[in-house]
Amino acid sequence: MTWRLQLPQPLIRRIDLLTGASSVVAVWTQMDRVHYYDQRSAKSLGERVIDKMSAVERADPRWRKFLDELRAPNSSYLPLVYAANLTVHSAEDGSFHLYQLADATLVLDVGGKESVIEVEDGVRFVSLDLDRQLGLIVGLDRGGRLHLYQQRIRIGIHDTDLAMDGEFTPIVLTSLSSKAILAIDGAQIVTFDAAGKVRKRLELHYLPSAIALSPDGRVCVTADADTGVIRAYDAETLMATHQRFAIDLAADARRSNAAAGGQPTTSVPGVLAINNRGVVAFGLGGLLCVTSMNRMKALPASVRS
């Protein structure tokens with residue numbers, strides 16, 4: 140079932156597709172406010188404002204309770220949460236957490252035991268991601284270097300030849316079990332293996348407005364900032380496999396509230412998400428659309444490169 144829903148808020152900042160006892164769409168309209176919907180029916184499952192816990196309170200027993208409550212209604216841990224002065228990345232089962240503090244310090248928390256991750260002096264990450272199963276940490280610094288850590292152990296630092304001074308803020312993503320590592324600078328997509336070696340590069344003919352990687356590392360999707368076209372790629376070969384205008388996908392989706400019948404404020408997705416079953420979610424301003432790759436046009440092999 141595909142559907143669209145107009146939120147009262149004017150902007151969707153992030154979407155998480157969470158699989159557990161049931162499938163839940165977590166929609167962030169503020170850094171600290173998340174709305175939950177049933178993925179199949181679009182039924183509201185409530186919302187939550189994240190408590191303003193402080194980093195200096197992590198020794199307090201309330202911090203463990205706070206971490207344990209960073210879950211969606213289906214009990215899945217939220218992948219990324221912004222607290223008062225730190226960012227929390229959580230493992231799928233909550234067994235470990237990665238904290239990025241306001242001063243750029245990285246702290247790994249495994250079962251309540253914290254370890255500071257040794258980062259080179261002066262390094263600041265423009266993007267950071269966590270393999271939520273194995274604990275591989277991937278970071279992209281201001282100089283375009285890829286940093287890899289297996290939990291707190293540094294694996295290596297690698298030059299990527301990514302452009303770091305364009306209008307697009309570069310992003311690095313990793314899948315579960317580190318099956319795929321992907322970085323994008325707005326002009327190209329680059330994939331790496333778990334050791335940091337470049338696998339593939341794809342030069343883009345458009346500026347992306349959003350990108351997402353499926354948890355299994357098989358598919359990445361992008362949105363075209365000019366046309367609003369959503370494109371799906373095989374994450375291993377970087378061959379385009381499907382595409383369609385986001386506005387057409389939204390128009391085909393079932394309207395889940397009266398406000399969703401109006402014209403979106405934009406035709407360009409600002410956020411994207413995709414799961415292992417090909418469910419694709421995106422935001423057009425404050426319009427949430429949950430659809431499927433099956434609703435997109437499959438590209439013939441002759442035009443996939």
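The sequence shown begins at 140 in the numbering used here and counts up one residue at a time.
Backbone N, C-alpha and C define an ideal beta-carbon position, used for all residues, glycine too.
Remember, it's a predicted structure, so these values are computed and weren't measured experimentally.
- Task: Flag this pair as touching only if the stretch 144-154 and the stretch 420-438 have three or more C-beta atom pairs under 8 Å; answer yes or no.
- Result: yes
- Item | N-terminal and C-terminal residue of the alpha helix (DSSP H) that F205 is part of | Here residue 205 is taken as the residue at index 66 of the sequence shown, counted from 1. F205 -> alpha helix (DSSP H) spans P200 to D207.
- Check whether the stretch 251-262 touches the stretch 207-225, taking contact to mean three or more Cβ pairs, one atom from each stretch, closer than 8 Å. no
- H381, buried or exposed, once every other Cβ within 10 Å from all chains shown has been counted against 16: Residue numbering aside, residue 381 sits at position 242 when the sequence shown is read from its first letter. Buried, by the Cβ-count rule.
- Item | DSSP state of I386 mapped onto helix, strand, coil | For the purposes of this step, residue 386 is identified with residue 247 of the sequence shown, where counting begins at 1. Looking at I386 - three-state DSSP - the assignment turns out to be helix.
- Task: Classify A412 as helix, strand or coil using the three-state DSSP reduction.
- Result: Taking the first residue of the sequence shown as 1, we reach residue 412 at position 273. In this structure, A412 counts as strand in the three-state DSSP scheme.
- Message: Can you tell me whether R340 is buried or exposed? The criterion is at least 16 other CB atoms within 10 Å of its CB, across all chains shown.
- Response: Locating residue 340 in the sequence shown gives position 201, counting from the first residue. Classification for R340: exposed.
- Task: Could you check the C-alpha separation between A165 and F421 for me, to the nearest Å?
- Result: Position 26 of the sequence shown, counting from 1, holds the residue named residue 165. Position 282 of the sequence shown, counting from 1, holds the residue named residue 421. So the alpha carbons of these two residues sit roughly 11 Å apart.
- Item | Beta carbon of L273 nearer than 7 Å to that of S234 | Looking up residue 273 in the sequence shown gives position 134. Looking up residue 234 in the sequence shown gives position 95. No.
- Item | Residues near D270 in its chain [Cβ-Cβ closer than 6 Å; skip 5 each side] | One-based indexing of the sequence shown puts residue 270 at position 131. Closer than 6 Å at Cβ, skipping near neighbours: T313 and S317.
- Query: So what's S316 in DSSP terms, helix, strand or just coil?
  - Reply: Working through the sequence shown from its first residue, we reach residue 316 at position 177. Looking at S316 - three-state DSSP - the assignment turns out to be helix.
- Query: Going along the chain, which residues of its own chain have a beta-carbon closer than 6 Å to the beta-carbon of R291, five neighbours each way excluded?
  - Reply: Residue numbering aside, residue 291 sits at position 152 when the sequence shown is read from its first letter. Excluding residues within five positions, the ones whose Cβ falls inside 6 Å are L247, S254 and I256.
- Message: Between the alpha carbons of D304 and A160, how many angstroms are there, rounded?
- Response: As a first step, residue 304 must be located in the sequence shown, where it is residue number 165. As a first step, residue 160 must be located in the sequence shown, where it is residue number 21. Cα to Cα, D304 sits roughly 43 Å from A160.
- Query: Quick one: Cα of T244 to Cα of A399, how far?
  - Reply: The count along the sequence shown starts at 1 and reaches residue 244 at position 105. The count along the sequence shown starts at 1 and reaches residue 399 at position 260. Going from the Cα of T244 to the Cα of A399 covers about 42 Å.
- N-terminal and C-terminal residue of the beta strand (DSSP E) that P309 is part of: Within the sequence shown, the letter at position 170 stands for residue 309. Counting along the chain, P309 falls outside any beta strand (DSSP E), and DSSP gives it neither H nor E.
- Query: Straight-line CA distance for L209 to A440?
  - Reply: Residue numbering aside, residue 209 sits at position 70 when the sequence shown is read from its first letter. Residue numbering aside, residue 440 sits at position 301 when the sequence shown is read from its first letter. One C-alpha to the other measures close to 43 Å.
- Message: With the cut-off set at 7 Å, would you say G356 and A319 are in Cβ contact?
- Response: Here residue 356 corresponds to residue number 217 of the sequence shown, with the count starting at 1. Here residue 319 corresponds to residue number 180 of the sequence shown, with the count starting at 1. For G356 and A319, yes; Cβs fall inside 7 Å.
- Task: Specify the secondary structure class of A334 as computed by DSSP and reduced to three states.
- Result: Here the question's residue 334 lines up with position 195 in the sequence shown. Reduced to three states, the DSSP call for A334 is coil.
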